[in-house]
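Heads up: the sequence shown begins at 262 in this note's numbering, then just goes up one per residue. Have a look at the structure below, then the notes.
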Amino acid sequence: MQRPTLYHLSMGTVGLSLGLVGSRTILIEGTTLGAGLMVLGGGGILLSSLFALSGQSSSEFEPGNFVWIAVVAAIFSVLGMTLTFFQ
């Protein structure tokens, strides 16, 4: 898999998990500043990643070796989201 694709998929995963955790918090505990920011930030990360993956981004992006940091962050994000939902 190409590094830019892997990077954007990983960042989209992080955005999705942030948005889901924020949404869960809003539904269960009510609206808080932190939860609202998690939903907005996660949605922004997810949308920007989807835009970059759609191929409409005009600039060339090469994440280099930092792609593995994004992959690990995505894994941690999904694990954290899972633990939050099933606590």
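Glycine included, every Cβ here is placed at the ideal spot set by N, Cα and C. Predicted model only: the values in this text are computed from it and were never measured.
Exposure of residue i, with buried meaning 16 or more beta-carbon neighbours within 10 Å
i, result
"V275", "buried"
"V333", "exposed"
"L294", "exposed"
"S278", "buried"
"I289", "exposed"
"L307", "buried"
Span of the alpha helix (DSSP H) around residue i
i, result
"T274", "264 to 290"
"G325", "Premise fails: G325 is in no alpha helix (DSSP H) and is neither H nor E."
"G303", "294 to 314"
Beta-carbon proximity list for residue i, same chain, < 7 Å, skipping 5 on both sides
i, result
"V282", "M299, M342, T345"
Cutoff 8 Å; reference residue i; Cβ partners in own chain excluding five residues on either side
i, result
"T286", "T293, G295, A296, M299"
Close Cβ partners of residue i (< 6 Å) along its chain, the five nearest in sequence each way excluded
i, result
"S271", "A331, V332, A335"
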